[in-house]
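Chemist: Here it is, the structure in full.
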Amino acid sequence: MDFNADGARKLLEQFEFGKLFIEELGWDRHNADLSIAISDVTFALKAVAEKRGMVAWVCQAPAGQQIPDRARRKKIEMQVAKTTLEHLIIFIDGKCADQIWCWARREAGKPASVSEHFWYASSGNRGFLQKLEAIAFSLAEENTLTLVDVTARARAAFDVERVTKRFYDQFTKEHTAFLGFISGITEVADKEWYASLMLNRLMFIYFMQRKRFLDNKPNYLADKLAACKAQLGKDKFYSFYRTFLLRLFHEGLGDKVRNPELDKLLGRIPYLNGGLFEKHPIEERCPDIRIPDEAFTRIFAYFDRYQWHLDERPLRKDDEINPDVLGYIFEKYINQKQMGAYYTKEDITEYISKNTVIPFLFDAAKAECKVAFENPGGPTIWDHLRDDPDRYIYKQLRQGVTWDLHADKPLTEPLTLPPEIAAGIEDVSARTQWNQKAPSDFGLSTEIWREVVARRTRYAEIRAKLATGEVREINDLITLNLDIRQFAQDVIERCEGPDLLRAFWKAIEGVTVLDPTCGSGAFLFAALNILEPLYETCLDRMEAFVADLERSAEGHAPNKFEDFKATLAKVSAHPNARYFTLKSIILNNLFGVDIMEEAVEICKLRLFLKLAAQVDPDQGHENLGIEPLPDIDFNIRAGNTLIGYATFAQVKKALTSKLDLDNQTEQILTDAADLDQNLRIFRERQTSGDISVLTADKQRVRNDLSNLALKLNHHLARDYGLKSGDTVGFAEWLHSHQPFHWFIEFYGIMSGGGFDVIIGNPPWKEYAAVKKTYTLRSYTTETSGNLYAMCTERSLALLSPGGFLSFIVQLPIVSSSRMDSARKCLAQNASYIAAITCDDRPGKLFDGLQHCRSTIFLTQHRKNDEPTRIWASGYRRWATEVRDILFATTTFTEIDNENLRQQQFPKIASPLHASSFEKVFSQATRPLKMALSRSTTRSFVFYQESAQYWVKATEGLPFYAKTTKRAHRHMDATFISKTN
Numbered sequence: 001m002d003f004n005a006d007g008a009r010k011l012l013e014q015f016e017f018g019k020l021f022i023e024e025l026g027w028d029r030h031n032a033d034l035s036i037a038i039s040d041v042t043f044a045l046k047a048v049a050e051k052r053g054m055v056a057w058v059c060q061a062p063a064g065q066q067i068p069d070r071a072r073r074k075k076i077e078m079q080v081a082k083t084t085l086e087h088l089i090i091f092i093d094g095k096c097a098d099q100i101w102c103w104a105r106r107e108a109g110k111p112a113s114v115s116e117h118f119w120y121a122s123s124g125n126r127g128f129l130q131k132l133e134a135i136a137f138s139l140a141e142e143n144t145l146t147l148v149d150v151t152a153r154a155r156a157a158f159d160v161e162r163v164t165k166r167f168y169d170q171f172t173k174e175h176t177a178f179l180g181f182i183s184g185i186t187e188v189a190d191k192e193w194y195a196s197l198m199l200n201r202l203m204f205i206y207f208m209q210r211k212r213f214l215d216n217k218p219n220y221l222a223d224k225l226a227a228c229k230a231q232l233g234k235d236k237f238y239s240f241y242r243t244f245l246l247r248l249f250h251e252g253l254g255d256k257v258r259n260p261e262l263d264k265l266l267g268r269i270p271y272l273n274g275g276l277f278e279k280h281p282i283e284e285r286c287p288d289i290r291i292p293d294e295a296f297t298r299i300f301a302y303f304d305r306y307q308w309h310l311d312e313r314p315l316r317k318d319d320e321i322n323p324d325v326l327g328y329i330f331e332k333y334i335n336q337k338q339m340g341a342y343y344t345k346e347d348i349t350e351y352i353s354k355n356t357v358i359p360f361l362f363d364a365a366k367a368e369c370k371v372a373f374e375n376p377g378g379p380t381i382w383d384h385l386r387d388d389p390d391r392y393i394y395k396q397l398r399q400g401v402t403w404d405l406h407a408d409k410p411l412t413e414p415l416t417l418p419p420e421i422a423a424g425i426e427d428v429s430a431r432t433q434w435n436q437k438a439p440s441d442f443g444l445s446t447e448i449w450r451e452v453v454a455r456r457t458r459y460a461e462i463r464a465k466l467a468t469g470e471v472r473e474i475n476d477l478i479t480l481n482l483d484i485r486q487f488a489q490d491v492i493e494r495c496e497g498p499d500l501l502r503a504f505w506k507a508i509e510g511v512t513v514l515d516p517t518c519g520s521g522a523f524l525f526a527a528l529n530i531l532e533p534l535y536e537t538c539l540d541r542m543e544a545f546v547a548d549l550e551r552s553a554e555g556h557a558p559n560k561f562e563d564f565k566a567t568l569a570k571v572s573a574h575p576n577a578r579y580f581t582l583k584s585i586i587l588n589n590l591f592g593v594d595i596m597e598e599a600v601e602i603c604k605l606r607l608f609l610k611l612a613a614q615v616d617p618d619q620g621h622e623n624l625g626i627e628p629l630p631d632i633d634f635n636i637r638a639g640n641t642l643i644g645y646a647t648f649a650q651v652k653k654a655l656t657s658k659l660d661l662d663n664q665t666e667q668i669l670t671d672a673a674d675l676d677q678n679l680r681i682f683r684e685r686q687t688s689g690d691i692s693v694l695t696a697d698k699q700r701v702r703n704d705l706s707n708l709a710l711k712l713n714h715h716l717a718r719d720y721g722l723k724s725g726d727t728v729g730f731a732e733w734l735h736s737h738q739p740f741h742w743f744i745e746f747y748g749i750m751s752g753g754g755f756d757v758i759i760g761n762p763p764w765k766e767y768a769a770v771k772k773t774y775t776l777r778s779y780t781t782e783t784s785g786n787l788y789a790m791c792t793e794r795s796l797a798l799l800s801p802g803g804f805l806s807f808i809v810q811l812p813i814v815s816s817s818r819m820d821s822a823r824k825c826l827a828q829n830a831s832y833i834a835a836i837t838c839d840d841r842p843g844k845l846f847d848g849l850q851h852c853r854s855t856i857f858l859t860q861h862r863k864n865d866e867p868t869r870i871w872a873s874g875y876r877r878w879a880t881e882v883r884d885i886l887f888a889t890t891t892f893t894e895i896d897n898e899n900l901r902q903q904q905f906p907k908i909a910s911p912l913h914a915s916s917f918e919k920v921f922s923q924a925t926r927p928l929k930m931a932l933s934r935s936t937t938r939s940f941v942f943y944q945e946s947a948q949y950w951v952k953a954t955e956g957l958p959f960y961a962k963t964t965k966r967a968h969r970h971m972d973a974t975f976i977s978k979t980n
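Just so we're aligned: 726 in the numbering used here is position 726 of the sequence shown, and the numbers increase by one with no gaps anywhere.
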């Protein structure tokens, strides 16, 4: 049902909540009463409606009294949660003048949250109505589902995969066909780049036109193509591209200044900015580009087979396309072109992002508000873990103990193990049935009883640590594999003092997240999804502080919470709060570099679509209700991550070695600082709403950056052996090596110490494969022979002290002798390393690839001389059907330095495993080689060296099933001394 803002406003003003939910929001009738005692006061709550198990309660203060303060509201909410897990509580005062809506929600892929929204009788409440509409919309989307429907979520994911494959298979063909229509571009790479740029522009417009942002027409492009053909004649084959599209891009969507002639041609359309529609460098270099109308007739026919939805709802049909589907398609397309780069699924990107971004935020907040973290005898943030341990232990680990995964709800009491299974806990001989598959109410999919018992034991150990208050460091949440997102959400949501909120807000506003090989942006999207709820929770908490202050009868300084008020005023000045939140994060927190220009264009497009999905056209607004898109051309950059000057120290060293007689080093430093200042102004104007001189600002930054890069390129080229004056050689070197100077491209970040968080999936590619195209200099990890090792070394150079780095790379990094230099690089620079090692049989992290055994490592950059601590998982093997619980069930074991052999990181699964490992190597007087014989003996171990996934070893010669004969050679045998 459509949301009726006017009707909702009237019912809100009349405090008619039952009618509001049932008549305007489409909820169902529900009657129930609940009494909750907090200290010496009893609060009465009345249910007015419910939707698929989510209940709306009203809690009215007695006549003449105020709404309970936030501390009491929080306690009431926690008691309500015990009766209805999903709920909404409307607190109203005794005079029916104010309302506070407390909404508890659990969304797939996000931590459970409780947000408060404020309604005042004396206010227009525009922002509140927007929030109410969002609540109505989200529930409408769930209308056909039960509240928590795991099966439906899985089905939605399946639909995305299915639609993706269908769309992608044809997309590659259409992309090739469209490329063939383009003329006027001589360079093959530029032609491919321009084809992708045009398709990106067209697909963005397809989403926008279906939402009626373009002259209120859902088929805007096809209509304009037909009009061009009718007006200019069929023999004008290039009319649409030249007379309409380029003007739509450059003068319409990309420029705010219009004239009547242009308005007549284009109709009413918004100004979008964002860099996507401005004149592209290829269009500058190649003014005679031609694309015939036939190309657009064909591509529109292909696009028209699908329904384009610019929102974030689950897909319902096989012919629907939304931004998420397009994201899958772009990932597949880019990864096919970039051999060595593979599509990374969301569970990997989310795991890596949350375990780097959130720990950094906590460390940064601790530096600003230490008392909230260390307060002997007083309250700290760690009390949340102690007071409610199960909230932060993944429900997969709690299956059959305190949680029922199938019903997705808590168990009233743990399921008791069958006697024949329980008997084996104390008596090893009674474990005869432990290798049988456990029933689904006890176990996870594919678990046997032995694994159920081990998981329950692990749960009990972790819960005991939390309940006794042992966990007091944020990195412990990584190594204990706790729900770090839920913890972060709760710490901000429940913070009692404004200083802690200020500390987190400062950290969230300022954190810099980089993917140095970003591809089409999968990891940046994951970081955006981690930051967004925390950003919004900070704003909600600020609003609560200000609201409680304004209701308080106590005197206070007039400038109290002035910073909170200013921040909230800045947000409320924008027509769409969520759009502003996402835009701010994209502009200020996310950065990416990729060697492939097409990937950079696609990454930016995906971020633009994420923003545009938040807005519906408002015909009464001068720009149809949409703010201009952010220009992120200086956030997402094209270049070779591995070539160029990363730090000022590298620049200084390079110029000092060349006798810097004219003091170029200081001039470069000054120019870089000026460039950064102009870039800051450019970014700030985009969030402040001042777009009057954006084009001039951007051109100034672009010119300064180009001039400074040219100077550094000449210096770097000489390091590569090029002679001064060799203009042809220099141009060829620039084209092949694509140098990227981090020190100037991100001067403000690098001069401040570096990026706070670096994440990604660097190319799994042999250096020898690219050496004919470009060569690298001064990497200690060059001996590893693989680009991911050198990307790791470069990233450590870009990382701030105390910053976090996490990559997914190939398995050999933990143990291969060839990767020794990579491990040394990590150990020398990191105070903390955690590694998850994964096989690719039977399940794999990367579908469609063979031999893709991998390692996810998480590290924290060393700040001082603290020793390196290393944690390892066992060698993870899993059935494909349990991929969704892989990360929730990962365990880590700390590795003592004594257990590091040849600096390899062992794949140790548990303390028992570590103890066994240590005992084997502690037998210094009986090394294995003493048990071996140089001559043939009757006792020997036969093994087959050709095994890939399992070692085939037997005592004596084996029989082979195919021939039913025993092996007859001792070639693959290790002989045992008779004395042993």
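Glycine included, C-beta positions come from ideal geometry on N, C-alpha and C.
(1) Ignoring anything shorter than 4 residues or poking outside the segment 451-499, list the alpha helix (DSSP H) runs there in chain order.
(2) Please name the residue or residues paired with Lys1051 in a DSSP beta bridge.
(3) Could you pull the start and end residues of the beta strand (DSSP E) that Pro801 belongs to?
(4) Measuring CB to CB, does Ala672 end up less than 7 Å from Ile744?
(5) Whole-angstrom Cβ separation of Thr891 and Asn481, contact assumed at under 8 Å?
(6) Tell me which residues share the same chain as Ala44 and place their Cβ nearer than 6 Å to its Cβ, disregarding the 5 neighbours each side in the sequence.
(7) Measure the beta-carbon distance from Leu466 to Gly592 and round it to whole angstroms, keeping in mind my assumption that it falls under 8 Å.
(8) Could you tell me the distance, in whole angstroms, from the CA atom of Asp6 to the CA atom of Glu554?
(9) To which residues does DSSP link Gln99 through a beta bridge?
(10) Between the alpha carbons of Ser572 and Thr349, how many angstroms are there, rounded?
(11) Can you confirm whether the segment 533-545 touches the segment 389-400 when touching is taken to mean that 3 or more C-beta pairs between the two stretches lie within less than 8 Å?
(12) Could you tell me the distance, in whole angstroms, from the CA atom of Arg823 to the CA atom of Gln904?
(13) Is it buried or exposed, Lys51, if we count other Cβ atoms within 10 angstroms and call 16 or more buried?
(14) So, using beta-carbon positions, are Phe981 and Cys852 closer together than 7 Å?
(15) Considering only the beta carbon of each residue, do Gly521 and Cys603 sit closer than 7 Å?
(16) Here's the rule: buried if 16 or more other CB atoms are within 10 angstroms of the residue's CB, otherwise exposed. What is Lys771?
(17) What is the residue span of the beta strand (DSSP E) that Asn984 lies within?
(18) Please classify Glu955: does DSSP put it in a helix, a strand, or coil?
(19) Assuming Gly874 is part of the beta strand (DSSP E), what are its boundary residues?
(20) Could you tell me how far apart the beta carbons of Ile586 and Pro270 are, in whole angstroms, since I believe they sit closer than 8 Å?
(21) Express the C-alpha separation of Trp101 and Phe15 in angstroms, rounding to a whole number.
(22) So for Gln396, helix, strand or coil by DSSP?
(23) Here's a check: name, in chain order, each residue in its chain whose Cβ is nearer than 7 Å to the Cβ of Glu532, leaving out the five neighbours to either side.
(24) If I measure Cβ to Cβ from Arg398 and keep anything under 8 Å in the same chain, skipping five residues before and after, which residues do I get?
(25) From Lys19 to Glu13, what distance separates their C-alpha atoms?
(26) When you compare each of Pro630, Ala301, Asp215 to Phe178 by their alpha carbons, which one comes out closest?
(27) So Thr773 and Ala830 are in contact, right, with Cβ under 8 Å, and what is the actual spacing, rounded?
(28) Where does Trp403 sit, in a helix, a strand or coil, going by DSSP?
(29) Do Lys863 and Gly803 have their beta-carbon atoms positioned less than 7 Å apart in this structure?
(30) Under 8 Å Cβ to Cβ from Phe561, same chain only, skipping five residues before and after it: list those, please.
(31) Going by DSSP, which residues form a beta bridge with Glu894?
(32) Between the C-alpha atoms of Thr356 and Ala909, what's the straight-line distance to the nearest angstrom?
(33) How would you label Glu496, buried or exposed, when you count the other beta carbons within 10 angstroms and need 16 or more for buried?
(34) Using only alpha-carbon positions, find the residue among Phe487, Tyr645, His737 that is nearest to Ile530.
(35) Determine whether the beta carbon atoms of Ser795 and Leu787 lie at a separation below 7 Å.
(36) Per the contact definition of three or more C-beta pairs closer than 8 Å, is the segment 354-368 in contact with the segment 438-452?
Modeler: Looking at the atomic coordinates:
(1) Residue ranges of uninterrupted alpha helix (DSSP H) with 4 or more members, entirely inside the segment 451-499 and ordered along the chain, are 474-479, 484-493.
(2) For the chain, the structure presents residues 1 to 980; residue 1051 sits outside this window and is missing.
(3) Within the sequence shown, residue 801 is the residue found at index 801, counting from 1. First-last of the beta strand (DSSP E) with Pro801: 799-810.
(4) Numbered from its first residue, the sequence shown carries residue 672 at position 672. Numbered from its first residue, the sequence shown carries residue 744 at position 744. Going by C-beta atoms, Ala672 is nearer than 7 Å to Ile744.
(5) Against the sequence shown, residue 891 aligns to sequence position 891. Against the sequence shown, residue 481 aligns to sequence position 481. The C-beta separation of Thr891 from Asn481 comes to about 6 Å, placing the pair in contact by the 8 Å criterion.
(6) The sequence position of residue 44 within the sequence shown is 44, counting from 1. Same-chain partners within the cutoff: Ser35.
(7) As a first step, residue 466 is located in the sequence shown; it is residue number 466 there, counting from the start. As a first step, residue 592 is located in the sequence shown; it is residue number 592 there, counting from the start. Gly592 and Leu466 do not touch by the CB rule: their CB atoms are close to 36 Å apart, not below 8 Å.
(8) Taking the first residue of the sequence shown as 1, we reach residue 6 at position 6. Taking the first residue of the sequence shown as 1, we reach residue 554 at position 554. Distance from the CA of Asp6 to the CA of Glu554, rounded to the nearest whole angstrom, comes to 36 Å.
(9) Here residue 99 corresponds to residue number 99 of the sequence shown, with the count starting at 1. The partner list for Gln99 (beta bridge, DSSP) reads Ile92, Trp119.
(10) Along the sequence shown, one-based indexing puts residue 572 at 572. Along the sequence shown, one-based indexing puts residue 349 at 349. Rounded to the nearest angstrom, the gap between the Cα atoms of Ser572 and Thr349 is 32 Å.
(11) Because the criterion of three Cβ pairs below 8 Å is not met, the segment 389-400 and the segment 533-545 do not touch.
(12) Against the sequence shown, residue 823 aligns to sequence position 823. Against the sequence shown, residue 904 aligns to sequence position 904. Within the model, the alpha-carbon separation for Arg823 versus Gln904 is close to 8 Å.
(13) What you label residue 51 is simply residue 51 of the sequence shown in a count that begins at 1. Label assigned to Lys51: buried.
(14) Any property of residue 981 remains undetermined from this structure, which presents the chain solely from 1 to 980.
(15) Start at 1 with the first residue of the sequence shown, and residue 521 comes out as number 521. Start at 1 with the first residue of the sequence shown, and residue 603 comes out as number 603. In this structure, Cys603 lies closer than 7 Å to Gly521 by Cβ.
(16) Translated into positions along the sequence shown, residue 771 becomes position 771. Exposed is the call here.
(17) Examination of residue 984 is not possible in this model, given that the chain is present from 1 through 980 alone.
(18) As a first step, residue 955 is located in the sequence shown; it is residue number 955 there, counting from the start. Of the three classes helix, strand and coil, the one that applies to Glu955 here is strand, per DSSP.
(19) As a first step, residue 874 is located in the sequence shown; it is residue number 874 there, counting from the start. Counted as a single uninterrupted DSSP element, the beta strand (DSSP E) harbouring Gly874 occupies residues 869-876.
(20) Position 586 of the sequence shown, counted from the first residue, corresponds to residue 586. Position 270 of the sequence shown, counted from the first residue, corresponds to residue 270. In this structure Ile586 is not in contact with Pro270, their Cβ atoms being roughly 18 Å apart against a cut-off of 8 Å.
(21) Start at 1 with the first residue of the sequence shown, and residue 15 comes out as number 15. Start at 1 with the first residue of the sequence shown, and residue 101 comes out as number 101. Cα-Cα distance, rounded: 12 Å.
(22) In the sequence shown, the residue the question calls residue 396 occupies position 396. If DSSP states are grouped into helix, strand and coil, Gln396 belongs with coil.
(23) Counting from 1 along the sequence shown, the entry for residue 532 is found at position 532. Residues of the same chain with a CB within less than 7 Å of the CB of Glu532, apart from the 5 flanking positions on each side, are Thr581, Leu582, Ile585 in chain order.
(24) As a position in the sequence shown, residue 398 is number 398, starting the count at 1. Result list for Arg398: Asp390, Tyr459, in chain order.
(25) In the sequence shown, residue 19 corresponds to position 19, counting from 1. In the sequence shown, residue 13 corresponds to position 13, counting from 1. Each residue's Cα considered, the two are about 12 Å apart.
(26) The residue labelled residue 178 in the question sits at position 178 within the sequence shown. Of the candidates Pro630, Ala301, Asp215, the one whose C-alpha sits nearest the C-alpha of Phe178 is Ala301.
(27) Start at 1 with the first residue of the sequence shown, and residue 773 comes out as number 773. Start at 1 with the first residue of the sequence shown, and residue 830 comes out as number 830. A Cβ-Cβ separation of about 31 Å leaves Thr773 out of contact with Ala830 under the 8 Å criterion.
(28) Within the sequence shown, residue 403 is the residue found at index 403, counting from 1. Residue state, collapsed to three classes: strand.
(29) Here residue 803 corresponds to residue number 803 of the sequence shown, with the count starting at 1. Here residue 863 corresponds to residue number 863 of the sequence shown, with the count starting at 1. Taking 7 Å as the cut-off, the beta carbon of Gly803 is found no closer than this to the beta carbon of Lys863.
(30) As a working mapping, residue 561 is identified with position 561 in the sequence shown. Sequence-distant partners of Phe561 (beyond 5 residues in either direction) whose C-beta falls short of 8 Å from its own C-beta, in its chain, are Pro498, Met542, Phe545, Val546, Leu549.
(31) In the sequence shown, residue 894 corresponds to position 894, counting from 1. For Glu894, which the question treats as bridged, DSSP gives the partners Trp871.
(32) Position 356 of the sequence shown, counted from the first residue, corresponds to residue 356. Position 909 of the sequence shown, counted from the first residue, corresponds to residue 909. Thr356 and Ala909 have their C-alpha atoms roughly 22 Å apart.
(33) Taking the first residue of the sequence shown as 1, we reach residue 496 at position 496. Result: exposed.
(34) Position 530 of the sequence shown holds residue 530. Among Phe487, Tyr645, His737, the Cα nearest to that of Ile530 belongs to Phe487.
(35) Position 795 of the sequence shown, counted from the first residue, corresponds to residue 795. Position 787 of the sequence shown, counted from the first residue, corresponds to residue 787. Against a cut-off of 7 Å, the Cβ pair of Leu787 and Ser795 comes out as no contact.
(36) When Cβ pairs closer than 8 Å are counted between the two stretches, the segment 438-452 is seen not to touch the segment 354-368, the count staying below three.
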